[in-house]
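Enquirer: Before anything else, here's the structure in question.
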Amino acid sequence: MAYVMECKHLWKIYEQHLFAVKDVSMHIEKGEIKLIFGPSGSGKSTLLRCLAMLTPSDKGEIFLGDQCLTKPGVDLNKARARIGFVFQHIYLFRHLTALGNVELALRYVLKMPKEKAREQALQSLREVKMEEWAHHYPAQLSGGQQQRVGIARALARNPDIILLDEPTSALDPELIGEVIDTLRDLAKEGTTMLIVSHEMSFAREVADEMMFYDEGTIVETGPPEHFFNSPKSERAKKFMTRLIKRTHRE
Amino acid sequence: MLGGVTTTLAISIISLLLGLIIGLPLAFIRSYEKNFGFLVDIFEKIFRGIPELVLMLMFYFGVGLFFPFPFGNAFFTVVFVLGLRSAANQSQIFRGAIRGVGEEQMVAGTSLGFSKWHAIVRIMIPQVFVFSTPGLGSEYALLVKDSSYAFVLGIPEIMKNADLVRANTYDFVTPYLAAALLYILLTFPIAAYFDTWGSKRKKKLGL
Amino acid sequence: MFEFIAEYIPTIIDGLILTIEVTLFGIFAGLGLGTLLAIGDKYGGKVVSSIIRIYVEFFRGSPILIQLFISQYALPTLTHIPINPYITGFAVFALNSAAYQKGYIKGAMETVFEDQMMAGLSTGMSNWQTIRHVILPQTFRIMIPAWSNEFCSLTKSTAVLGLIGILDLTGAGKTMAGQTYRVLETWIVIAVIYLAWITLFTKIADIIYEKKKIPGIELSA
Numbered sequence: 000m001a002y003v004m005e006c007k008h009l010w011k012i013y014e015q016h017l018f019a020v021k022d023v024s025m026h027i028e029k030g031e032i033k034l035i036f037g038p039s040g041s042g043k044s045t046l047l048r049c050l051a052m053l054t055p056s057d058k059g060e061i062f063l064g065d066q067c068l069t070k071p072g073v074d075l076n077k078a079r080a081r082i083g084f085v086f087q088h089i090y091l092f093r094h095l096t097a098l099g100n101v102e103l104a105l106r107y108v109l110k111m112p113k114e115k116a117r118e119q120a121l122q123s124l125r126e127v128k129m130e131e132w133a134h135h136y137p138a139q140l141s142g143g144q145q146q147r148v149g150i151a152r153a154l155a156r157n158p159d160i161i162l163l164d165e166p167t168s169a170l171d172p173e174l175i176g177e178v179i180d181t182l183r184d185l186a187k188e189g190t191t192m193l194i195v196s197h198e199m200s201f202a203r204e205v206a207d208e209m210m211f212y213d214e215g216t217i218v219e220t221g222p223p224e225h226f227f228n229s230p231k232s233e234r235a236k237k238f239m240t241r242l243i244k245r246t247h248r249e
Numbered sequence: 000m001l002g003g004v005t006t007t008l009a010i011s012i013i014s015l016l017l018g019l020i021i022g023l024p025l026a027f028i029r030s031y032e033k034n035f036g037f038l039v040d041i042f043e044k045i046f047r048g049i050p051e052l053v054l055m056l057m058f059y060f061g062v063g064l065f066f067p068f069p070f071g072n073a074f075f076t077v078v079f080v081l082g083l084r085s086a087a088n089q090s091q092i093f094r095g096a097i098r099g100v101g102e103e104q105m106v107a108g109t110s111l112g113f114s115k116w117h118a119i120v121r122i123m124i125p126q127v128f129v130f131s132t133p134g135l136g137s138e139y140a141l142l143v144k145d146s147s148y149a150f151v152l153g154i155p156e157i158m159k160n161a162d163l164v165r166a167n168t169y170d171f172v173t174p175y176l177a178a179a180l181l182y183i184l185l186t187f188p189i190a191a192y193f194d195t196w197g198s199k200r201k202k203k204l205g206l
Numbered sequence: 000m001f002e003f004i005a006e007y008i009p010t011i012i013d014g015l016i017l018t019i020e021v022t023l024f025g026i027f028a029g030l031g032l033g034t035l036l037a038i039g040d041k042y043g044g045k046v047v048s049s050i051i052r053i054y055v056e057f058f059r060g061s062p063i064l065i066q067l068f069i070s071q072y073a074l075p076t077l078t079h080i081p082i083n084p085y086i087t088g089f090a091v092f093a094l095n096s097a098a099y100q101k102g103y104i105k106g107a108m109e110t111v112f113e114d115q116m117m118a119g120l121s122t123g124m125s126n127w128q129t130i131r132h133v134i135l136p137q138t139f140r141i142m143i144p145a146w147s148n149e150f151c152s153l154t155k156s157t158a159v160l161g162l163i164g165i166l167d168l169t170g171a172g173k174t175m176a177g178q179t180y181r182v183l184e185t186w187i188v189i190a191v192i193y194l195a196w197i198t199l200f201t202k203i204a205d206i207i208y209e210k211k212k213i214p215g216i217e218l219s220a
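Same order as they appear, the protein sequences are chains C, F and X.
Be aware that the first sequence starts at 0, since it is given in numbering that gives the first Met the number 0, and climbs by one per residue.
Be aware that the second sequence starts at 0, since it is given in numbering that gives the first Met the number 0, and climbs by one per residue.
Be aware that the third sequence starts at 0, since it is given in numbering that gives the first Met the number 0, and climbs by one per residue.
Written out as structure tokens, the structure is:
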């Protein structure tokens with residue numbers, strides 16, 4: 000049986016010398032939660048956007064289920080409809096209410112009738128505990144609330160997988176908790192998730208596997224305990240020590 | 000026909016300066032003095048709401064009958080109307096720039112002991128100019144184009160001269176196309192220059 | 000003092016109607032065409048962008064009077080096809096307005112654009128769907144103040160229509176002034192009518208802007 004998502008020998012290079020994605024191969028199975036972490040600028044976000052077919056990759060193959068997405072002639076829109084994406088800077092549609100944001104794709108991509116789309120959108124908002132705010136505009140919501148709506152928007156189409164690009168990095172510290180709680184709930188329900196994040200305690204709790212990403216490649220993989228106790232590579236060791244030092248200082 | 004260029008430029012530049020002299024104070028009045036603010040508003044609304052051509056016809060043919068001294072002169076009337084119109088526009092441009100510069104600059108100024116109006120002159124105005132350059136550039140371009148209204152009052156600027164050439168040569172094509180080209184040459188480079196000068200200056204000052 | 004206008008009311012109304020027609024046609028046709036130009040400029044590739052640029056430079060860099068004259072006199076001479084001055088009037092104002100509006104639209108689009116585009120695509124919508132449901136709604140709402148300015152400019156510039164033989168509101172004024180010799184009063188009346196029309200329209204635009212405003216974004220002038 001095919002993986003939910005897989006990439007083989009993926010490359011993405013910017014301007015001839017910025018290797019954001021260097022011959023990366025990885026896969027994720029149904030129900031798995033994998034977390035990518037590493038130094039800033041290593042290309043993690045780029046990898047995620049390539050997988051979501053939001054940024055074109057230069058070489059390599061990407062599979063969603065058993066469909067190859069990188070072949071020419073593939074209907075990218077249909078493919079993206081099966082992938083949910085949550086952005087670091089949220090990017091809610093500012094001219095629509097929370098409900099409108101979640102409904103939009105249901106109505107125009109999945110072509111659901113108005114009432115059904117509305118009902119399903121409300122359900123998604125319920126799952127992220129934002130139902131009360133359904134008729135508020137993004138500008139009237141806090142960062143954490145906005146991101147939860149962003150998650151609902153990604154969830155509403157019941158995608159095969161959800162990709163999250165540093166979902167909490169742009170939020171004020173006191174707002175991070177509510178988003179993490181939401182993600183924890185999703186994890187409990189068995190949602191397949193690929194997350195880029197440095198929320199280490201969350202990772203420890205929820206991730207099945209973690210991948211250390213540096214300078215365009217996956218340097219090391221393993222279950223969370225592996226990284227917290229005995230990372231193998233030098234770079235991972237250094238990164239973890241710095242991280243733990245910082246958390247201890249806080 | 001090139002002689003018309005001087006006249007066109009004269010009309011545009013004088014109107015621009017007139018607009019500046021009147022518009023800048025108006026902008027500050029509107030921003031800082033609540034009482035007279037609404038008068039400025041009415042002034043702006045009038046010039047926003049009445050075509051320049053109508054005003055020119057009104058002053059030249061109408062008021063000019065009673066006061067041939069200034070308003071019987073076509074050049075004066077044109078500059079008068081365009082200058083005031085420009086003042087209304089520039090008042091808006093400067094107001095936006097004042098907002099862009101920010102309240103804090105005034106507060107900083109007065110905290111140092113400057114009086115309100117002294118602070119405006121020494122602190123606000125220099126910064127306001129840097130912010131206003133794109134608006135002023137397009138106002139200049141607008142004035143160059145609107146100077147063509149002077150055609151109706153018979154002033155020998157670009158438009159009128161082009162028409163005279165046409166009348167003499169029965170060539171309906173070249174004079175008009177040439178005139179269009181002249182106008183474009185007058186508006187485009189200078190407006191673009193204003194823009195780039197403005198952004199360079201902004202960058203330098205970290206605005 | 001103003002009773003003399005009584006017999007000219009029909010002329011005035013005819014002129015006003017024509018002015019309104021040209022203005023509304025110009026501003027809305029300009030909106031449609033301007034949107035296409037803005038999208039074309041953003042998406043169309045180098046050749047299309049250059050053509051659009053030349054178009055915009057011409058219409059924004061020259062006075063409308065010249066544009067009218069060229070359309071009304073130069074073009075027919077070159078092509079040997081006579082053009083009805085009414086068609087010239089409507090067409091030139093629409094083309095002219097499109098050139099200006101393209102600038103506002105593109106500016107508003109760019110305030111909105113990059114991230115909202117990616118967000119739209121991430122939900123599975125196509126480029127076109129995202130433009131239609133996410134980008135344009137925001138663009139148009141942000142644009143309203145600039146658009147109502149364009150409306151004022153447009154209306155005021157229609158005053159020159161008389162020079163190509165069309166009887167608009169200003170033309171009606173000229174007729175009245177010429178026939179009654181009550182020049183000042185005529186122009187005061189005409190001026191007031193323009194003022195009323197423009198103020199009314201901009202007031203409506205302001206109200207719409209307040210109601211449809213997106214909380215949190217404004218077009219940075």
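Don't be surprised by glycine CBs; every beta carbon is placed ideally from N, CA and C.
1. Identify whether residue 89 of chain F lies in helix, strand or coil by the three-state DSSP scheme.
2. Considering Cα atoms alone, identify which of X/208, X/70, X/158, X/57 is closest to residue 142 of chain X.
3. When Cβ atoms are compared, which residues of the stretch 92-119 of chain C fall closer than 7 Å to chain X?
4. According to DSSP, what are the bridge partners of residue 110 of chain C?
5. For a contact meaning CB atoms closer than 7 Å, what does residue 53 of chain C contact in chain X?
6. Is any beta-carbon of chain X found at less than 9 Å from that of residue 157 of chain C?
7. On the DSSP bridge assignment, give the partners of residue 161 of chain C in chain order.
8. Taking only beta-carbon atoms, is residue 165 of chain F less than 9 Å away from chain X?
9. Quick check on DSSP: helix, strand or coil for residue 213 of chain C?
10. With residue 208 of chain C and residue 221 of chain C assumed to form a contact (beta carbons below 8 Å), what rounded beta-carbon distance in angstroms separates them?
11. Classify residue 229 of chain C: buried if its beta carbon has 16 or more other beta carbons within 10 angstroms, exposed otherwise.
12. Would you call the stretch 106-118 of chain X and the stretch 48-66 of chain X touching, i.e. three or more CB-CB distances under 8 Å?
13. Apart from the five residues just before and just after residue 200 of chain F, which ones in its own chain have a Cβ nearer than 6 Å to its Cβ?
14. Over the uninterrupted alpha helix (DSSP H) stretch that includes residue 116 of chain X, give me the two end residues.
15. Does the beta carbon of residue 11 of chain C sit closer than 9 Å to a beta carbon anywhere in chain X?
16. Compare the C-beta of residue 136 of chain X with all C-beta atoms of chain C and state if any pair is closer than 9 Å.
17. What three-state label does DSSP hand residue 4 of chain C in the structure shown?
18. Rounded to a whole number of angstroms, what is the C-alpha to C-alpha distance between residue 219 of chain C and residue 205 of chain C?
19. Tell me the rounded alpha-carbon separation between residue 78 of chain X and residue 89 of chain X.
20. Should residue 109 of chain X be labelled buried (16 or more other beta-carbon atoms within 10 Å of its own) or exposed?
21. Starting from the beta carbon of residue 152 of chain C, find every residue of chain X whose beta carbon is closer than 7 Å, and list them in chain order.
22. Check whether the Cβ of residue 62 of chain F lies closer than 9 Å to any Cβ atom in chain X.
23. Along the stretch 49-70 of chain X, what residues have a CB closer than 9 Å to any CB found in chain F?
24. Can you list, in chain order, the residues of its chain with a C-beta nearer than 7 Å to that of residue 64 of chain C? Leave out the 5 residues immediately preceding and following it.
25. Identify, in the order they occur along the chain, each residue of the same chain with its Cβ nearer than 8 Å to the Cβ of residue 244 of chain C, setting aside the five sequence neighbours on each side.
26. Under 8 Å Cβ to Cβ from residue 196 of chain F, same chain only, skipping five residues before and after it: list those, please.
27. Considering only the alpha carbon of each residue, which of F/27, F/194, F/190, F/143 lies closest to residue 178 of chain F?
28. Since residue 208 of chain C sits in a beta bridge, which residues does DSSP pair it with?
29. Does residue 27 of chain C come out as helix, strand or coil in the three-state DSSP assignment?
30. Take residue 130 of chain C as the anchor and find which of C/101, C/235, C/85 has the nearest alpha-carbon.
31. Once the 5 residues before and after residue 201 of chain C are set aside, which same chain residues still bring their CB inside 8 Å of it?
32. Contact defined as beta carbons within less than 8 Å: I believe residue 196 of chain C pairs with residue 172 of chain C. What is the distance between those atoms, to the nearest angstrom?
33. Does DSSP classify residue 101 of chain F as helix, strand or coil?
34. Thinking C-beta only, is residue 171 of chain F closer than 9 Å to residue 76 of chain X?
35. Would you mind working out which of C/170, C/136, C/187, C/164 sits nearest residue 37 of chain C, comparing C-alpha positions?
36. Under 8 Å Cβ to Cβ from residue 78 of chain C, same chain only, skipping five residues before and after it: list those, please.
Expert: From the atom records:
1. helix
2. X/208
3. 92, 93, 94, 103, 104, 107, 108
4. Partner(s): none; residue 110 of chain C has no beta bridge.
5. 117, 120, 121
6. no
7. C/83, C/192
8. yes
9. strand
10. 7 Å
11. exposed
12. no
13. 129
14. 84-121
15. no
16. yes
17. strand
18. 18 Å
19. 19 Å
20. exposed
21. 122
22. yes
23. 56, 57, 59, 60, 61, 62, 63, 64, 65, 66, 68, 69
24. 1, 3, 159
25. none
26. 132
27. F/143
28. C/33
29. strand
30. C/101
31. 179, 182, 183
32. Residue 196 of chain C to residue 172 of chain C, Cβ: 14 Å. No contact.
33. coil
34. yes
35. C/164
36. 52, 63, 66, 68
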